[in-house]
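Undergrad: According to numbering that gives the first Met the number 0, the sequence shown holds residues 0 to 261 in order.
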Amino acid sequence: MNLLNRIKSANKRLQCASQFTGSYLAAVYGFTRYKLNRTSQMNGTYKDIPFAFRSSDVEALKEVLVNEDYKFLGDYIKQQNNPVIIDAGHHIGCFSLWALAQNPKANITALEADPNTYKVAKKNAELAKAKGYDWKVLNKAAWTNNDPVSFSCDGDTMGHKVLKDGTMTIDGMSLESLLDQVGEPVTLMKVDIEGAEEAFLSGKDDLLKKIKALVIEIHPKYCNQNAVVETLKKSFSHVEFIEDKQTDKPLVWCTNNPKQSN
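1) I'd like the span of the beta strand (DSSP E) that includes residue 252, first residue to last.
2) Grab the span of the beta strand (DSSP E) containing residue 137 for me, first residue to last.
3) May I ask you to list the residues that DSSP assigns as paired with residue 230?
4) What three-state label does DSSP hand residue 150 in the structure shown?
5) Name the DSSP bridge partner or partners of residue 42?
6) In the segment 68 to 142, which residue ranges form an unbroken beta strand (DSSP E) of at least 3 residues, counting only runs that do not cross its ends?
7) Taking Cβ to Cβ, would you say residue 214 is nearer than 8 Å to residue 64?
8) Looking only at its chain, what residues have a beta carbon closer than 6 Å to the beta carbon of residue 257, apart from the 5 residues adjacent to it on each side?
9) Alpha carbon to alpha carbon, how far is residue 8 from residue 136?
10) Does the segment 126 to 144 come into contact with the segment 216 to 231, if we say contact requires no fewer than three beta-carbon pairs (one atom in each stretch) closer than 8 Å?
11) Can you tell me the Cβ-Cβ gap for residue 216 and residue 248, rounded? I've got them flagged as a contact below 8 Å.
12) Given a threshold of 16 other Cβ atoms within 10 Å of its Cβ, counted over all protein chains shown, does residue 31 qualify as buried or as exposed?
13) With a threshold of 8 Å, are at least 3 pairs of Cβ atoms found where one atom belongs to the segment 72 to 81 and the other to the segment 108 to 125?
14) Are residue 141 and residue 212 touching if we call contact CB-CB under 8 Å?
15) Once you ignore the five residues that flank residue 175 on each side, which residues in its own chain have a CB closer than 7 Å to its CB?
16) Ordered along the chain, which non-local residues of its own chain (more than five positions away) have a Cβ less than 7 Å from that of residue 158?
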């Protein structure tokens, strides 16, 4: 990328961040601090909900909070009474922020595997809790069982994943254990776990039937997309690929009532 394109790209990222920091200058300051200290965070606000983020998280903010890749779920979440939501593959909590903005009475339980990203996610849940929201985050990797898994933190923070030759070990958490932890009928489960979809969901037909609706981003490079879709079709009568989105990965909406997202 030449210098001009790098400047344009940086400016776009700063403009995106400034929508949450309140000013372009605050975003510049936050980006500069992050270059000096990779744990540095900026303070932001989304729909009056305070949250923290790093300059490396801007793409996630853009995808979920600016472009609203999940906007097709808006009416469904708003219409629920005290919806119980699972956010598996939480990152810093953009989807949870967005869901709480749709329905402040939502009860959210989230999983985030990456230890550094979890620290930001936990802080965001605590900031929201101080405002009266119900949001908790567990430092676990969505997986086929509760055994420790090898995890990679290489590359962009949105792409950190369970990987055979990973650089660290994280506790896994099965779907069964997650549902036991939540302990209530699940209104919606969002899954974005960077290729662990097949391991997390396959063979869990009876458990999936306990979930009213599910939205999942599939990562075909790291899992068998057809196997994941076939698993979903066993538990949900309506399985729909969403087209209007920023992400280039398949985004799939699953429910037994296709009118739920209208």
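Quick reminder that beta carbons are idealized off the backbone N, C-alpha and C, glycines included.
The structure displayed is predicted, hence computed values, not measured ones.
TA: With the structure as the only source:
1) Within the sequence shown, numbered from 1, the residue matching residue 252 stands at position 253. Segment 250 to 254, the beta strand (DSSP E) holding residue 252.
2) Taking the first residue of the sequence shown as position 1, residue 137 is located at position 138. Run containing residue 137: 133 to 137, per the beta strand (DSSP E) assignment.
3) As a working mapping, residue 230 is identified with position 231 in the sequence shown. Bridge partners of residue 230: none, in fact.
4) By one-based count along the sequence shown, residue 150 stands at place 151. In this structure, residue 150 counts as strand in the three-state DSSP scheme.
5) Here residue 42 is taken as the residue at index 43 of the sequence shown, counted from 1. DSSP output for residue 42 lists 51 as bridge partner(s).
6) 83 to 87, 106 to 110, 133 to 137
7) In the sequence shown, the residue the question calls residue 214 occupies position 215. In the sequence shown, the residue the question calls residue 64 occupies position 65. The answer is no: Cβ separation not under 8 Å.
8) Along the sequence shown, one-based indexing puts residue 257 at 258. Excluding positions up to five away in sequence, the list reads 237.
9) If you number the sequence shown from 1, residue 8 lands on position 9. If you number the sequence shown from 1, residue 136 lands on position 137. Rounded to whole angstroms, residue 8 to residue 136 spans 32 Å at the Cα level.
10) no
11) Taking the first residue of the sequence shown as 1, we reach residue 216 at position 217. Taking the first residue of the sequence shown as 1, we reach residue 248 at position 249. With 8 Å as the limit, residue 216 and residue 248 qualify as a contact, their Cβ atoms being about 5 Å apart.
12) The residue you call residue 31 lines up with position 32 of the sequence shown. Result: exposed.
13) no
14) Working through the sequence shown from its first residue, we reach residue 141 at position 142. Working through the sequence shown from its first residue, we reach residue 212 at position 213. Contact: no.
15) Your numbering for residue 175 matches position 176 in the sequence shown. Excluding positions up to five away in sequence, the list reads 206.
16) Numbered from its first residue, the sequence shown carries residue 158 at position 159. A caution first: residue 158 carries a pLDDT of 47, below 50, which makes its placement in the model unreliable, though a value can still be read off. The residues are 193.
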